[in-house]
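S.K.:
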Amino acid sequence: SNIELFAKYATVPVINALTDQFHPCQLLADLQTYREHRGSIKGKTVVWIGDGNNMCHSYINAAILADFSLHIACPEGFDPDPAIVKRAGDRVTLFRDPKEAIKGAHLVSTDVWASMGQEEQKLREAAFVGYQVNPALMDHADNEALFMHCLPAHRGEEVSHDMLDDPRSVVFDQAGNRLHAQKALLEFLFLASQ
Numbered sequence: 151s152n153i154e155l156f157a158k159y160a161t162v163p164v165i166n167a168l169t170d171q172f173h174p175c176q177l178l179a180d181l182q183t184y185r186e187h188r189g190s191i192k193g194k195t196v197v198w199i200g201d202g203n204n205m206c207h208s209y210i211n212a213a214i215l216a217d218f219s220l221h222i223a224c225p226e227g228f229d230p231d232p233a234i235v236k237r238a239g240d241r242v243t244l245f246r247d248p249k250e251a252i253k254g255a256h257l258v259s260t261d262v263w264a265s266m267g268q269e270e271q272k273l274r275e276a277a278f279v280g281y282q283v284n285p286a287l288m289d290h291a292d293n294e295a296l297f298m299h300c301l302p303a304h305r306g307e308e309v310s311h312d313m314l315d316d317p318r319s320v321v322f323d324q325a326g327n328r329l330h331a332q333k334a335l336l337e338f339l340f341l342a343s344q
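Numbering of the sequence shown is given in the working numbering, commencing with residue 151 and proceeding in unit increments.
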């Protein structure tokens with residue numbers, strides 16, 4: 151809320167690098183990484199598995215802007231903000247079963263089960279059993295599917311110990327693209343303000 155208040159009164163662009171509700175800079179890197187590996191994401195199916203958190207909300211916004219279908223698999227009680235989901239219309243479908251959500255997906259993404267400042271780790275661990283991304287779950291996705299995680303990851307929780315090193319994982323390219331995506335954003339804002 152502090153960043154949003156600052157942006158409301160600022161006379162220069164304010165970049166949302168991360169808030170409780172959105173993480174748009176991460177999505178710039180994610181979309182760049184997908185493009186580098188597979189081309190356009192338009193018309194593809196993306197799956198978000200896990201908490202309906204700021205990353206999930208940013209994937210919803212990206213689905214609207216980049217014109218892809220988003221399947222969200224999360225346990226009951228951890229859904230994304232209904233107003234944000236409603237804004238996306240038929241681009242977003244909610245699932246309770248990750249195996250159903252991931253069928254034929256071209257990109258699979260997840261995040262930690264408890265974001266910064268969320269203290270109910272044990273409660274979340276119990277709720278998210280069955281929502282771990284692992285090679286067996288990825289086998290239900292498209293043969294060319296990619297796996298992403300915004301890092302840092304908790305191996306053995308939201309992602310299996312071996313998934314980050316799986317050939318379908320592009321998390322380290324994705325992490326490296328954070329630098330390039332942010333440089334491009336800064337250049338865009340500098341040029342737009344001239």
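Quick reminder that beta carbons are idealized off the backbone N, C-alpha and C, glycines included.
According to DSSP, which residues form a beta bridge with residue 262?
M.R.: Answer is none; residue 262 lacks a bridge partner.
S.K.: Label residue 184 either buried or exposed according to how many other C-beta atoms from any shown protein chain fall within 10 Å of its C-beta, with 16 as the threshold for buried.
M.R.: Burial call: buried.
S.K.: Bridge partners for residue 364 per DSSP, in chain order?
M.R.: What is shown of the chain runs 151 to 344, which leaves residue 364 out entirely.
S.K.: Pull up the distance between the alpha-carbon of residue 323 and that of residue 189, whole angstroms please.
M.R.: About 15 Å.
S.K.: Which same chain residues, not among the five before or five after residue 179, have their C-beta less than 7 Å away from its C-beta?
M.R.: The answer, listed in chain order, is 324, 327, 328, 331.
S.K.: From what residue to what residue does the beta strand (DSSP E) around residue 178 run?
M.R.: Unbroken run through residue 178 is the alpha helix (DSSP H), 174 to 188; no beta strand (DSSP E).
S.K.: Pull up the distance between the alpha-carbon of residue 204 and that of residue 344, whole angstroms please.
M.R.: Using only the alpha carbons, I get a separation of about 31 Å.
S.K.: Under 8 Å: do the region 290 to 303 and the region 219 to 235 share three or more Cβ pairs, one atom per stretch?
M.R.: With a cut-off of 8 Å, the region 219 to 235 and the region 290 to 303 do not count as touching, because too few Cβ pairs lie within range.
S.K.: In whole angstroms, what separates the C-alpha of residue 342 from that of residue 160?
M.R.: Cα to Cα, residue 342 sits roughly 16 Å from residue 160.
S.K.: DSSP on residue 318, reduced to helix/strand/coil?
M.R.: Of the three classes helix, strand and coil, the one that applies to residue 318 here is coil, per DSSP.
S.K.: Give me, in chain order, the residues of the same chain whose beta-carbon lies closer than 8 Å to that of residue 288; leave out the 5 immediate sequence neighbours on both sides.
M.R.: Cβ within range, chain order: 252, 258, 295, 297, 313, 316, 318.
S.K.: Please tell me whether residue 202 and residue 228 are closer than 8 Å, where the distance is taken between their beta carbons.
M.R.: Cβ distance < 8 Å, so residue 202 and residue 228 count as in contact.
S.K.: Does the Cβ of residue 226 have 16 or more other Cβ atoms within 10 Å, making it buried, or fewer, making it exposed?
M.R.: Residue 226 should be labelled exposed.
S.K.: Name the two residues that bound the continuous beta strand (DSSP E) containing residue 153.
M.R.: Here residue 153 belongs to no beta strand (DSSP E); instead the alpha helix (DSSP H) covers 152 to 159.
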